[in-house]
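Using our numbering, read the sequence shown as starting at 547 and increasing by one per residue.
For every residue, glycine included, the Cβ atom is placed at its ideal position computed from N, Cα and C.
Remarks on the structure that follows.
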Amino acid sequence: MIVTNRESWLYFMFAARGTTLSRIWRRLAVNLTFALVMTLGHMEYGWLDGRDVTPLPFTLIGFVLSIFLGFRINTAYDRYWEGRRLWGQLVNTSRTLARQIQTLVGAGPGDAAVIERRRRLIHLVMAFPHALRMRLRGEEAMVADLGPFVTAGELEQLKRERNRPNALVQRLAELLDEAYRAELVHPMHLSLLHQSLTSLTDIQGGCERIANTPIPFAYQVLLRHIVGAYCYALPFGVLLPLGLLTPVVVLMMSYAFYGLDALGEEIQEPFGSDPNDLPLSALCRTIEIDLRQRLGEAELPESAQPHHGQLL
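Encoded structure:
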């Protein structure tokens with residue numbers, strides 16, 4: 547899903563749903579408590595009196611850490627944007643393949659058998675995005691949702707498949723070859739249709755590359771070690787010059803660093819169902835509506851609508 551709210555600037559100042567607060571509020575609470583204890587201990591008992599603690603090291607480390615976090619965010623967003631680009635390509639390829647089926651399978655408008663063959667092929671094209679969404683989100687148990695697009699026999703076969711999007715492409719290729727042998731597809735047109743099927747396979751491979759290649763574990767651990775150490779050590783660097791304002795500053799700085807780290811974690815896996823992940827279900831619905839219109843169907847599913855400001 548993805549957050550779609552378009553509200554005023556003041557709304558965003560106080561928004562919590564769809565932000566990183568749900569991930570980091572416990573860390574913030576612990577950091578704030580630690581800063582309060584340090585501040586009260588210094589004010590009451592002079593814990594840091596006589597100690598030459600300056601904010602300069604924290605300034606230098608904070609600058610370097612901000613660059614490190616910026617690189618982390620850029621890396622995560624590159625994965626997010628590539629996922630969105632691949633699904634945009636899937637929308638276009640599905641439309642192109644449906645147009646090719648309508649115009650290249652059978653000559654002219656075609657008889658009832660040709661029209662039914664085209665319908666079967668386009669329904670399989672509709673099924674592919676849904677099967678890919680299920681695979682990327684780990685929703686293989688929802689295979690019954692493919693029922694409206696395939697025959698009962700095909701559905702039973704899909705239940706036994708481990709890679710259902712690939713099985714659907716294979717089934718499309720088999721039906722196109724049958725149409726070619728029935729002299730319903732010109733030899734030159736068959737290669738064009740198979741190129742579109744290859745595009746579907748390439749899109750699936752690109753999505754699987756993102757889903758199956760996480761950001762290296764050592765990179766994430768190192769970043770979190772540095773962020774955690776910095777946020778907990780911060781009171782020692784700002785307590786003497788800031789006094790009672792120390793908890794406020796620590797809270798703001800911790801929110802910035804923890805929030806940036808959590809934001810990278812949020813968007814580095816774009817195919818899930820978190821508030822800021824890609825709206826795969828909505829994209830599947832868009833493809834289904836467009837292709838059903840090409841078939842001339844009058845009853846179309848409704849377009850996906852945001853639910854509580856979020857698009858699935």
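The alpha helix (DSSP H) enclosing residue i, as first and last residue numbers
{"i": "Trp627", "result": "602 to 650"}
{"i": "Pro711", "result": "710 to 727"}
{"i": "Ser742", "result": "733 to 757"}
{"i": "Arg770", "result": "763 to 788"}
{"i": "Ser568", "result": "567 to 591"}
{"i": "Glu848", "result": "From DSSP, Glu848 is part of no alpha helix (DSSP H); its letter is neither H nor E."}
{"i": "Val794", "result": "792 to 813"}
{"i": "Ala698", "result": "698 to 705"}
Euclidean distance between Cα positions of residue i and residue j
{"i": "Ala719", "j": "Ala725", "result": "10 Å"}
{"i": "Glu707", "j": "Leu722", "result": "21 Å"}
{"i": "Glu754", "j": "Leu682", "result": "7 Å"}
{"i": "Leu730", "j": "Leu632", "result": "31 Å"}
{"i": "Leu826", "j": "Pro733", "result": "35 Å"}
{"i": "Tyr801", "j": "Leu574", "result": "7 Å"}
{"i": "Asp823", "j": "Glu812", "result": "8 Å"}
{"i": "Thr639", "j": "Thr747", "result": "11 Å"}
{"i": "Gln703", "j": "Asn712", "result": "12 Å"}
{"i": "Val610", "j": "Gln646", "result": "54 Å"}
{"i": "Arg641", "j": "Leu714", "result": "16 Å"}
{"i": "Pro762", "j": "Leu739", "result": "39 Å"}
{"i": "Thr565", "j": "Phe803", "result": "14 Å"}
{"i": "Leu606", "j": "Gly752", "result": "39 Å"}
{"i": "Gly783", "j": "Ser612", "result": "17 Å"}
{"i": "Thr498", "j": "Arg563", "result": "Look at the range of the chain in this structure, 547 to 858, and you will see that residue 498 is not part of it."}
{"i": "Glu590", "j": "Arg770", "result": "32 Å"}
{"i": "Val637", "j": "Pro847", "result": "17 Å"}
{"i": "Met688", "j": "Arg663", "result": "26 Å"}
{"i": "Ala828", "j": "Leu594", "result": "57 Å"}
{"i": "Glu685", "j": "Arg679", "result": "8 Å"}
{"i": "Gly789", "j": "Gly634", "result": "53 Å"}
{"i": "Gly805", "j": "Trp627", "result": "20 Å"}
{"i": "Leu701", "j": "Ser568", "result": "39 Å"}
{"i": "Ile756", "j": "Arg727", "result": "38 Å"}
{"i": "Gln766", "j": "Pro603", "result": "23 Å"}
{"i": "Met799", "j": "Asp807", "result": "12 Å"}
{"i": "Ser737", "j": "Gln648", "result": "16 Å"}
{"i": "Asp657", "j": "Arg665", "result": "12 Å"}
{"i": "Trp571", "j": "Leu797", "result": "11 Å"}
{"i": "Thr621", "j": "Glu845", "result": "43 Å"}
{"i": "Ala775", "j": "Pro821", "result": "29 Å"}
{"i": "Ile772", "j": "Pro675", "result": "41 Å"}
Whole-number beta carbon distance between residue j and residue i, since they are thought to touch under 8 Å
{"i": "Cys830", "j": "Asn577", "result": "Contact flag wrong, Cβ pair sits at about 41 Å."}
{"i": "Pro781", "j": "Phe580", "result": "7 Å"}
{"i": "Gly809", "j": "Ile619", "result": "A quick correction: the sequence has Leu, not Gly, at residue 809. Confirmed, about 6 Å."}
{"i": "Leu786", "j": "Met584", "result": "Not really, about 11 Å apart at Cβ, beyond 8 Å."}
{"i": "Ala659", "j": "Phe695", "result": "Their Cβ separation, rounded to whole angstroms, is 20 Å, which puts Ala659 and Phe695 out of contact at 8 Å."}
{"i": "Ala677", "j": "Leu837", "result": "At roughly 15 Å, the Cβ-Cβ gap does not stay under 8 Å, so Ala677 and Leu837 are not in contact."}
{"i": "Arg630", "j": "Gln814", "result": "Arg630 to Gln814, Cβ: 13 Å. No contact."}
{"i": "His735", "j": "Leu650", "result": "4 Å"}
{"i": "Gln835", "j": "Ser849", "result": "According to the sequence as given, residue 835 is Ile; it is not Gln. So it is a contact: roughly 7 Å between Cβ atoms."}
{"i": "Leu582", "j": "Pro793", "result": "5 Å"}
{"i": "Leu768", "j": "Arg717", "result": "The Cβ separation is near 46 Å, so there is no contact."}
Neighbour flag for residue i against chain B, beta carbons, 8 Å
{"i": "Asp820", "result": "Considering every chain present, this structure includes no chain B. It has just one protein chain."}
*Jot down the residue ranges of each uninterrupted alpha helix (DSSP H) in the region 649 to 691, minimum 4 residues, whole runs only, in chain order.*
658 to 683
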